[in-house]
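A.B. asks: The structure follows.
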Amino acid sequence: MLGYPRTVGVFLNLPAKAWLALGGFTSRAVGSKHNLGASQIRFADKKSRFGGKLGMDGIKVVRFSSGEFGPWDIDVAPSVYPPREDTELLCRSLSGIQGRGRKAVEIGCGSGVISMALAQMGWRVEGFDINPYAVACSRANIEKFGFSDSVKISEGGLGEDNWSISEDVELVVWNLPYLTPPEEGEPKLEPIEEASMSDLGGGGWSSELLQYLSRRKHHDLVVIALFRIDPESPSKASDWLNSGWSCRNIESLRIGDEKLGVFGLWKTGFGIKESRVGSCSSTMDYASNLPDEGWQRVVANNQDSGRGRRGSVWKSEEGDLVASWRINRDLSELPTPGILQISIGAVVSNLINCELKWPNDLVTKGGGKIGGVLIEANSSNPGFRLGVGINSFSRDLDGRLCPGWRETFGEFSRDYIFNAVDSRISSIIEKDDRIPDSHSSDLERMSWSTLSRSLSRGVGAIHEGEEVRVVGIDSDGFLHVDSRGERVVLSSTEDIIWNFK
Numbered sequence: 011m012l013g014y015p016r017t018v019g020v021f022l023n024l025p026a027k028a029w030l031a032l033g034g035f036t037s038r039a040v041g042s043k044h045n046l047g048a049s050q051i052r053f054a055d056k057k058s059r060f061g062g063k064l065g066m067d068g069i070k071v072v073r074f075s076s077g078e079f080g081p082w083d084i085d086v087a088p089s090v091y092p093p094r095e096d097t098e099l100l101c102r103s104l105s106g107i108q109g110r111g112r113k114a115v116e117i118g119c120g121s122g123v124i125s126m127a128l129a130q131m132g133w134r135v136e137g138f139d140i141n142p143y144a145v146a147c148s149r150a151n152i153e154k155f156g157f158s159d160s161v162k163i164s165e166g167g168l169g170e171d172n173w174s175i176s177e178d179v180e181l182v183v184w185n186l187p188y189l190t191p192p193e194e195g196e197p198k199l200e201p202i203e204e205a206s207m208s209d210l211g212g213g214g215w216s217s218e219l220l221q222y223l224s225r226r227k228h229h230d231l232v233v234i235a236l237f238r239i240d241p242e243s244p245s246k247a248s249d250w251l252n253s254g255w256s257c258r259n260i261e262s263l264r265i266g267d268e269k270l271g272v273f274g275l276w277k278t279g280f281g282i283k284e285s286r287v288g289s290c291s292s293t294m295d296y297a298s299n300l301p302d303e304g305w306q307r308v309v310a311n312n313q314d315s316g317r318g319r320r321g322s323v324w325k326s327e328e329g330d331l332v333a334s335w336r337i338n339r340d341l342s343e344l345p346t347p348g349i350l351q352i353s354i355g356a357v358v359s360n361l362i363n364c365e366l367k368w369p370n371d372l373v374t375k376g377g378g379k380i381g382g383v384l385i386e387a388n389s390s391n392p393g394f395r396l397g398v399g400i401n402s403f404s405r406d407l408d409g410r411l412c413p414g415w416r417e418t419f420g421e422f423s424r425d426y427i428f429n430a431v432d433s434r435i436s437s438i439i440e441k442d443d444r445i446p447d448s449h450s451s452d453l454e455r456m457s458w459s460t461l462s463r464s465l466s467r468g469v470g471a472i473h474e475g476e477e478v479r480v481v482g483i484d485s486d487g488f489l490h491v492d493s494r495g496e497r498v499v500l501s502s503t504e505d506i507i508w509n510f511k
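Structure, rendered in structure tokens:
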């Protein structure tokens, strides 16, 4: 959680050319502004504030063990963030990501635990921290546990002069500072501790990293970052999702009244651009001929023979979104097609501020259809295809008013909507060995949360001529209703009639 701003002026009245000694390990941080000697460092007694065993010169020893990582007795100096529950959460999220000799960067390495975990997973790691105490701590622990050949620690960090992420880096890890910045007049921690634990105002440190990466060509980079998601800190994963990046929740944990989440972040498609066509008969048919590897999708200005569920005709106008994705993954690797279809409908409906009608219709609060989601697969074509159609504006279709996103969301261009939809679909489905797949249970919860929004407003359901109460969905995406005290499972839209009041 250590992402320090510049620390000039934090350490006062200290000699400029001393050395920092920690637990018998002497280290001079590269480019350090604060080269301190052990005799010049006055460590405060932190027993009342932190658990653990306090050693000589204020160094405390913290036992860290999480799954396959550890047990390690970590030396931690005052002002250095010790390994805690959030460290364990981040380690669990990283445990399945094999390095195979690839290069990773950790921002804010603190005591060095995450860098050591990455090294154990086969990554060549470069860790950074702007706190010279943390640099020395990390170096001491890395040498102590035999990771010196695969981990290099340097002083520096985001926003520092001459600091950069090299183009050969494939993974960036950051336990983001997530405490809300103190308001003027509110009590503060010591400056170096404030820097280690508090986020920035505005978009937070996350936004700073996003802007940094957006200025550079890091198309193949994956970021694994820990955010506070409840209460939401200034750093938000959604900022990435709205900037052309995909965003997948890997793990989450509630600690007291806070909830933390680890997210995988990557440039949608890893630099593969979408195909664009002026006109075609059907984007679903066009998608069948897209390349059979990577993130492939097509968006058309219009289509002549678009189709919906059960072969129904989908008519589009200039400016509407008509797009299809060729998903080069076997369906057996993913949650069921039913849950995929509903969850994609859920993220799109949340984007354009409309309702989701089971299983795949995007509708207004009054039930007017705005668009829909379709999944198709056949044995002659590996993987499957996914289509999304959304009206941009209201129109009369065979006597029915069909609204568009301009009524529910605003005057956004088709390209904006496509890019936002593309990133959200990628967040659920796109595959890379540095990003664990979406959890089916998470998609089920999100899908039900979105579907039940209209039910909570009084939308009714009728099955076999009688009103029923919708009670949930299952892992196949089937709808469960209560009919006269009995649970009935519905798999077809023909089995239910919706009554939008």
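Residue numbers (our numbering): 11 to 511.
Even for Gly, the Cβ is constructed at its ideal location relative to N, Cα and C.
1. With a floor of 4 residues, list each alpha helix (DSSP H) that falls wholly inside the segment 358–420, ordered by position along the chain.
2. Which word fits residue 41, buried or exposed, when buried means at least 16 other C-beta atoms lie within 10 angstroms of its C-beta?
3. On the three-state DSSP scale, how would you describe residue 280?
4. Determine the extent of the beta strand (DSSP E) in which residue 308 is found, giving its start and end residues.
5. Determine, using beta carbons only, whether residue 87 and residue 118 come nearer to each other than 9 Å.
6. Look up residue 509 in the DSSP assignment and give the residues it is bridged to.
7. Apart from the five residues on each side of it in sequence, which residues of its chain come closer than 6 Å, Cβ to Cβ, to residue 314?
8. Is it true that the CB of residue 138 sits closer than 9 Å to the CB of residue 5?
9. DSSP on residue 355, reduced to helix/strand/coil?
10. Identify the residues that DSSP records as bridge partners of residue 490: which are they?
11. When the Cα atoms are used, what is the spatial distance from residue 435 to residue 354?
12. Let me check one thing: in DSSP terms, what residues is residue 475 bridge-paired to?
13. Excluding the 5 residues flanking residue 263 on each side, which residues of the same chain have their C-beta closer than 6 Å to its C-beta?
14. Can you give the Cα-Cα distance for residue 575 and residue 267, rounded to whole angstroms?
15. Only counting the same chain, and skipping five residues up and downstream in sequence, which positions put a Cβ closer than 8 Å to that of residue 526?
16. Less than 6 Å between C-beta atoms, sequence neighbours within five positions excluded: which residues of the same chain meet that for residue 125?
17. Leaving aside the five residues before and after residue 437 along the sequence, list all residues of the same chain whose C-beta is less than 6 Å from its C-beta, in chain order.
18. Skipping 5 residues on each side, what residues in its chain have a beta carbon closer than 6 Å to that of residue 224?
19. With DSSP as the reference, please indicate the residues paired to residue 257 in a beta bridge.
20. The ligand PLP and residue 241: does the residue's C-beta get closer than 8 Å to at least one heavy atom of that ligand?
21. For a test of the three-state rule: what should DSSP assign to residue 170, helix, strand or coil?
22. Expressed to the nearest angstrom, what Euclidean distance is found between the alpha-carbon atoms of residue 512 and residue 425?
23. Counting Cβ pairs, one atom from each stretch, are 3 or more of them under 8 Å apart for the segment 455–465 and the segment 497–504?
24. Taking the beta strand (DSSP E) that residue 74 belongs to, which residues open and close that run?
25. Comparing the C-beta of residue 264 with each C-beta of chain B, is any distance below 9 Å?
26. When DSSP labels each residue in this structure, what does residue 214 get in the three-state scheme?
C.D. replies: Walking through what the data contain:
1. If we require 4 residues or more, the alpha helix (DSSP H) runs fully inside the segment 358–420 come out as 415–418.
2. By 1-based counting over the sequence shown, the position of residue 41 is 31. Its pLDDT being 36, under 50, residue 41 is placed unreliably by the model, and nothing is read from it.
3. Residue 280 sits at position 270 when you count from the first residue of the sequence shown. It is helical.
4. Here residue 308 is taken as the residue at index 298 of the sequence shown, counted from 1. DSSP places residue 308 in the uninterrupted beta strand (DSSP E) bounded by 306–313.
5. In the sequence shown, residue 87 corresponds to position 77, counting from 1. In the sequence shown, residue 118 corresponds to position 108, counting from 1. In terms of Cβ geometry, residue 87 and residue 118 do not form a close pair [threshold 9 Å].
6. For the purposes of this step, residue 509 is taken as the residue at position 499 of the sequence shown. Per DSSP, 470.
7. Taking the first residue of the sequence shown as position 1, residue 314 is located at position 304. Cβ within range, chain order: 291.
8. Any property of residue 5 remains undetermined from this structure, which presents the chain solely from 11 to 511.
9. Counting from 1 along the sequence shown, the entry for residue 355 is found at position 345. DSSP, read as helix, strand or coil, puts residue 355 in helix.
10. As a working note, residue 490 is residue 480 in the sequence shown. Residue 490 is bridged to 482 and 499.
11. In the sequence shown, the residue the question calls residue 435 occupies position 425. In the sequence shown, the residue the question calls residue 354 occupies position 344. Straight-line Cα distance between these residues: approximately 6 Å.
12. In the sequence shown, the residue the question calls residue 475 occupies position 465. Paired residues: none, contrary to the question.
13. For this step, residue 263 is matched to residue 253 along the sequence shown. If we look at residue 263 and ignore the five residues flanking it on each side, its Cβ neighbours are 99 and 270.
14. In the structure as shown, the chain begins at 11 and stops at 511. Residue 575 is therefore absent and cannot be evaluated.
15. A question about residue 526 goes unanswered here, because the residues of the chain that appear run from 11 up to 511.
16. Residue numbering aside, residue 125 sits at position 115 when the sequence shown is read from its first letter. Around residue 125: 116, 119, 135, 137 and 161.
17. Taking the sequence shown and counting its residues from 1, one reaches residue 437 at position 427. Taken in chain order, the residues that qualify are 256, 257 and 258.
18. Reading the sequence shown from its first residue, position 214 is the one you call residue 224. Beyond the five residues adjoining it in sequence on each side, residue 224 comes within less than 6 Å, by CB distance, of no other residue in the same chain.
19. Within the sequence shown, the letter at position 247 stands for residue 257. According to DSSP, which records beta bridges pairwise, residue 257 is partnered with 275.
20. With respect to the ligand PLP, the structure shown offers nothing to examine, as it has no ligands at all.
21. As a position in the sequence shown, residue 170 is number 160, starting the count at 1. Residue 170: coil per DSSP, three-state reduction.
22. Within the shown structure, residues of the chain are numbered from 11 to 511, placing residue 512 beyond reach of any answer.
23. The segment 455–465 is not in contact with the segment 497–504.
24. Numbered from 1 along the sequence shown, position 64 holds the residue referred to as residue 74. Per DSSP, residue 74 belongs to the beta strand (DSSP E) from 70–76.
25. The structure shown contains no chain B, having only a single protein chain.
26. The residue given as residue 214 occupies position 204 in the sequence shown. Of the three classes helix, strand and coil, the one that applies to residue 214 here is helix, per DSSP.
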